[in-house]
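These protein sequences, in sequence, are chains A and B.
For the first sequence, the working numbering gives the first residue as 53, with consecutive numbering after it.
For the second sequence, the working numbering gives the first residue as 37, with consecutive numbering after it.
Structure first, commentary second.
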Amino acid sequence: MVIYGVALLSFCTIVGLYIGDLLGIAIGVQANVGGVGFGMLLVILGSNWLTRREGITPATAQGIAFWNAIYIPIVVAVAAQQNVAGALSGGAVAILAGVLAVVACAALVPAIDRLSRKRPAADAHAARVELVR
Amino acid sequence: MTQTFVDIVQRNSLVAGFAVIGAIVWVSYLISNRLTNGRIHGSAIAIFIGLVLAWIGGVLTGGERGLADVPVFAGVALLGGAMLRDFAVIATAYGVDLAEMRKAGFSGTVSLLVGVVGSFVVGAAIAWVFGYRDAVSLTTLGAGANTFIVGPITGAAIGASSDLIALSIAAGLTKSILVMTATPFAARAIGLDNPQTAMVFGGLMGTTSGVAGGLAATDPKLVPYGAMTATFYTGLGCLLCPSVLFLGLRALVE
């Protein structure tokens, strides 16, 4: 049933956002901390659990796939309601702060990315050592 | 007759929103295929057109919600609002490889910390260059360089004036818009073509809308990985900016 897929998504979304809000309250910030991330984890765990238990029927998967596919149009709608005029009228200090923050962080992507890259290499090395033994 | 049509559209705003966004996407893929030979991704063009329409809407109405402030296009607000955005982002997690996520766990966490502190420092430094000298102004603008949510929350917490808060929102919006539009062009230079790098990218940039849009225009398969880390960024920023970072900055300038 298509509704099972949609219902699974909505359950995971609500519970995930709830966890995010609770976490925000617990650490004393007025924001949702990782709600969407927890929701995503629940979808991953939930779909794995369902697959193992009785399998996800194609119809159920369709209920998830639709929202997965409608995601980019939704992002376009998100873009269409940004306060672009407000951002541009914010003045040079706001625009420069935003632009340079992006440039600086983008430049750091390769460096931080390497932190985790080392480990697979070490694993490969360990595996080779195992093999030699 | 026109009035009847407008009434129908307004009463069925969400449904009309699907038609509006569908038209934008159709035109975008036409431009992508005919004018750029598919070199610039259709969704990148669609997001850009969305931003241009948002700018036009903002200029026409003087409102804060872009195209959605034009009554006929109110459905765009519902379609692109936080509710459906979060729902659709969470849907992208279906089929995600948990092992990939675990592999990038460490660098993803580091990227969040570096992203929040790094953007804060850059924002505060720019504010300093423009003549701001008090810790409250510097912190509010530094927080604005995090995301357009961290800026106002931090500003309100430390007692910044409303024009400063408006500036911090503008800084965050600039960031979000730039990430949406520039990511496809910067992707190759920063090696953004795999799930692990996408997680680092999401943690460093932090703006959920920006990361989601930018990755969608680069490679939709990367969206869930970038969104996963980005979703923790605003919370971390709201935690660090008005506390540790504010106190540290105040000790430095006063």
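C-beta: ideal position from N, C-alpha, C; glycine also.
Interface residues of chain A facing B/D229 [CB-CB closer than 7 Å]: For the purposes of this step, residue 229 of chain B is taken as residue 193 along the second sequence, with counting starting at 1. Within chain A, no residue comes near B/D229; the closest Cβ sits about 11 Å away, beyond 7 Å.
In three-state DSSP terms, what is A/R169? By 1-based counting over the first sequence, the position of residue 169 of chain A is 117. Reduced to three states, the DSSP call for A/R169 is helix.
Where does B/A59 land, buried or exposed, given buried means 16+ other C-beta within 10 angstroms? The residue you call residue 59 of chain B lines up with position 23 of the second sequence. B/A59 comes out exposed.
Say whether chain B places a C-beta atom closer than 8 Å to the C-beta of A/V44. Outside the shown range of chain A, which is 53 to 185, sits residue 44 of chain A, and nothing can be said about it.
With distances taken between CB atoms, is the gap from B/P188 to B/I213 smaller than 8 Å? Indexing the second sequence from 1 puts residue 188 of chain B at position 152. Indexing the second sequence from 1 puts residue 213 of chain B at position 177. Contact flag unset, no.
So with CB distances below 7 Å, who are the chain A contacts of B/F34? Because chain B is modelled from 37 through 290, residue 34 of chain B falls outside the range shown and cannot be assessed.
Beta carbons nearer than 7 Å to chain A: which residues of the region 111–126 of chain B have them? V112, A113, L115, G116, L120, R121, D122, F123, A124, V125 and I126
Which residues in chain A have a C-beta closer than 7 Å to the C-beta of B/I185? List them in chain order. Numbered from 1 along the second sequence, position 149 holds the residue referred to as residue 185 of chain B. The answer, in chain order, is A83.
So, helix, strand or coil for B/L228, using DSSP? Looking up residue 228 of chain B in the second sequence gives position 192. Coil at B/L228, not helix or strand.
Determine the closest residue to B/L103 out of B/I85, B/T243 and B/M264, with distance taken between C-alpha atoms. Taking the second sequence and counting its residues from 1, the one referred to as residue 103 of chain B is at position 67. Nearest of B/I85, B/T243 and B/M264 to B/L103, Cα basis: B/I85.
For the structure I just gave you, are there three or more beta carbon pairs, one from the region 64–76 of chain B and one from the region 101–119 of chain A, closer than 8 Å? no
State yes or no: is the beta carbon of B/A206 nearer than 8 Å to at least one beta carbon in chain A? Residue 206 of chain B sits at position 170 when you count from the first residue of the second sequence. It does: the Cβ of B/A206 has a partner Cβ on chain A nearer than 8 Å.
Curious, which full-length alpha helix (DSSP H) runs of at least 4 residues does the region 187–228 of chain B contain? 198–222
Is A/D73 helix, strand or coil when you go by DSSP? The residue labelled residue 73 of chain A in the question sits at position 21 within the first sequence. It is helical.
Alpha carbon to alpha carbon, what distance is there between B/L96 and B/D43? Translated into positions along the second sequence, residue 43 of chain B becomes position 7. Translated into positions along the second sequence, residue 96 of chain B becomes position 60. Approximately 20 Å, taken between the alpha carbons.
Contact set between A/L74 and chain B, taken where Cβ atoms lie within less than 7 Å: On the first sequence, residue 74 of chain A is found 22 positions in, with the first residue counted as 1. Residues of chain B passing the Cβ test: none, with the nearest at roughly 12 Å.
Cβ-based burial, B/P260 [other Cβ within 10 Å; buried from 16]: Here residue 260 of chain B corresponds to residue number 224 of the second sequence, with the count starting at 1. B/P260 should be labelled buried.
I'd like to know if B/Q46 contacts chain A, where contact means its C-beta is closer than 8 Å to some C-beta of that chain. Translated into positions along the second sequence, residue 46 of chain B becomes position 10. For B/Q46, the answer is no, since every Cβ of chain A falls outside 8 Å of its Cβ.
Quick one: Cα of A/I66 to Cα of B/V289, how far? Here residue 66 of chain A refers to the residue found at position 14 when the first sequence is read from its first residue. Here residue 289 of chain B refers to the residue found at position 253 when the second sequence is read from its first residue. Going by the C-alpha atoms only, they are around 43 Å apart.
Which residues of chain B have a Cβ atom closer than 7 Å to the Cβ of A/V95, listed in chain order? One-based indexing of the first sequence puts residue 95 of chain A at position 43. The answer, in chain order, is I126, A129 and Y130.
Inter-residue spacing [alpha-carbon to alpha-carbon] between B/A223 and B/Q39: Taking the second sequence and counting its residues from 1, the one referred to as residue 223 of chain B is at position 187. Taking the second sequence and counting its residues from 1, the one referred to as residue 39 of chain B is at position 3. For B/A223 and B/Q39, the distance between alpha carbons rounds to 47 Å.
Could you give the DSSP three-state label for B/I126: helix, strand or coil? Position 90 of the second sequence holds residue 126 of chain B. Reduced to three states, the DSSP call for B/I126 is helix.
Would a check of beta-carbon distances place A/P125 closer than 8 Å to chain B? Numbered from 1 along the first sequence, position 73 holds the residue referred to as residue 125 of chain A. Yes, A/P125 lies at the interface with chain B (some Cβ there is under 8 Å from its Cβ).
What in chain B is Cβ-close to A/P162, meaning under 7 Å? The residue labelled residue 162 of chain A in the question sits at position 110 within the first sequence. Result: I226 and G227.
What's the C-alpha gap between B/M137 and B/G53? On the second sequence, residue 137 of chain B is found 101 positions in, with the first residue counted as 1. On the second sequence, residue 53 of chain B is found 17 positions in, with the first residue counted as 1. For B/M137 and B/G53, the distance between alpha carbons rounds to 34 Å.
In whole angstroms, what is the alpha-carbon distance linking B/A82 and B/A253? Stepping through the second sequence from its first residue, residue 82 of chain B is reached at position 46. Stepping through the second sequence from its first residue, residue 253 of chain B is reached at position 217. One C-alpha to the other measures close to 9 Å.
For A/R55, name the three-state secondary structure that DSSP assigns. Residue numbering aside, residue 55 of chain A sits at position 3 when the first sequence is read from its first letter. Per the sequence presented here, residue 55 of chain A reads as Ile, with Arg not at that position. DSSP places A/I55 in helix when its eight states are reduced to three.
Cβ-Cβ distance between B/L240 and B/S147 below 8 Å: Mapped onto the second sequence, residue 240 of chain B falls at position 204. Mapped onto the second sequence, residue 147 of chain B falls at position 111. Yes, these two residues count as a Cβ contact at 8 Å.
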